[in-house]
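Contents: one structure, followed by commentary.
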Amino acid sequence: MKSKSEYNLCKWCSERQHIRNYHPQQITRQCQICHGLWNQLQETCGRLTQATKNYQYDTFQIGLTLDHSFYDNEDKFRSRFKIRGKENIKTSLLREIRKKFSNVSNKKTDLHSPDITINVQIGRKLETNVSVISKTVILRGRYKKIKGFKIKNKNSTNDRLEINQRHIEKILKKEILAQFNSASIVFWPVGKEEPESLVLGNGRPFYVSIKNSKKISFKQGLLIQSNGILFKLIEKVRALPTSAPLYVKKVMTLVSFQEKLRTSDIKNFTDPGIMIVEIVSRKSKNWKLIYQMDIKVKTQRKLELTITCDNGLPIRKFIEGDDVDISPTLGQILGRKCHCNKIDILDIVNEEDSLN
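Per this note's numbering, residue 24 is the first one in the sequence shown, and the count goes up by one each step.
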């Protein structure tokens, strides 16, 4: 049975085992535990520097994966000599890599919320792979749509809303990927509008998650304009909201009728004050408030209706009343069939803003 002195251990591994009166080998690649892993520390940090050179960051975290053979070597040695309660090779090496890289990069380690996470994989023959991923950057902003767009096919209302959202996301994605040198984005608008609809006033609030961005800072109030849409990136936030923020929207619509409007129809339509609209779906039932409705007669078969209501009220469904899942509808209030020709968003505000 071998004695401790008969094992070839490098200085680093022998010190980690706390072996007394042992003279370590000078040729570290013959170490029977790490096989020269410690001797590669400088080279490993060089790989980390190369992998992170294009990233903007102040803090980092490093993860380490070692081939199982390194653990096996150390476990056999410690089992043979009944060495217990010492750090394993991964913990010891990882601490040294973090310390060395922090000195080289002049950046700080952050174990909880680092700007970048570096993953190091070291194989049996010391082959090393390094990958880097940055913390997701979440920005809050607003967009204005000063020019609508038309779609050829007659899609359902829900499809049209999705088409519009994908159109806006595509425009923003192109600009964001270029600005932040990132891998991908996720676009989260607070509400939706139809492709032809304008979005004016303060604009529609939105959030955007930027995945694996190589930039972590940006100029607050950054403006991006493309294809008739103006995006304003307001600030960086820690996380997406857990529920949809409460906003009130002011909407201008153009409503037409098959039958001519009578003077009595308009007289009968008096502003009832705050109106509760019930919306029923397969999974839930909820309510939206209409705070004010103003009518402006354009012709005997057409009127302009301005609605101030909770964000999230489906305006076209409220006006046309084709679905039985919303009540009351404008058609029920006026007692006739209504058709919505146009919807423009005049403003979307919260309690910190004010409607003009």
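Just so it is clear, CB atoms sit at the ideal spot from N, CA and C, and this is done for glycine as well. Keep in mind the model is a prediction, meaning the values are calculated, not measured.
Item                                                                                                                                                                                         : Value
Whole-angstrom Cβ separation of T72 and S157, contact assumed at under 8 Å?                                                                                                                  : Going by Cβ atoms, the distance from T72 to S157 rounds to 16 Å, so no, they are not a contact pair.
Run through DSSP, which three-state label would H362 get?                                                                                                                                    : strand
Mapping DSSP to helix, strand and coil, what is C68?                                                                                                                                         : helix
Starting from the C-beta of T159, find all residues in its chain whose C-beta is less than 7 Å away, skip the five residues before and the five after it, and write them out in chain order. : S232, I233 and K234
If you follow the alpha helix (DSSP H) that F341 is in, where does it begin and where does it stop?                                                                                          : I338 to E343
Report the residue from I56, T140 and K360 whose alpha carbon sits nearest the alpha carbon of K113.                                                                                         : I56
Leaving out five residues before and five after L369 in sequence, what residues of the same chain have Cβ atoms less than 7 Å from its Cβ?                                                   : L223, G224, K273, V274 and M275
Short check: CB of D348 to CB of I302, under 8 Å?                                                                                                                                            : yes
Is the distance from the Cβ of I342 to the Cβ of V271 below 8 Å?                                                                                                                             : no
When you compare the CB positions of I21 and D95, do they come within less than 8 Å of one another, or not?                                                                                  : No answer is possible for residue 21: the residues shown for the chain start at 24 and end at 379.
For I299, does the count of other Cβ atoms within 10 angstroms reach 16, so buried, or fall short, so exposed?                                                                               : exposed
Quick one: complete beta strand (DSSP E) runs, 3+ long, within the region 132 to 220?                                                                                                        : 139 to 145, 151 to 157, 160 to 168 and 207 to 212
Can you give me the C-alpha to C-alpha distance between K168 and S236, rounded to a whole angstrom?                                                                                          : 26 Å
Once the 5 residues before and after L269 are set aside, which same chain residues still bring their CB inside 6 Å of it?                                                                    : none
Helix, strand or coil for I297 per DSSP?                                                                                                                                                     : coil
Count the other CB atoms, across all protein chains shown, that sit within 10 Å of the CB of R39; report buried if there are 16 or more and exposed otherwise.                               : buried
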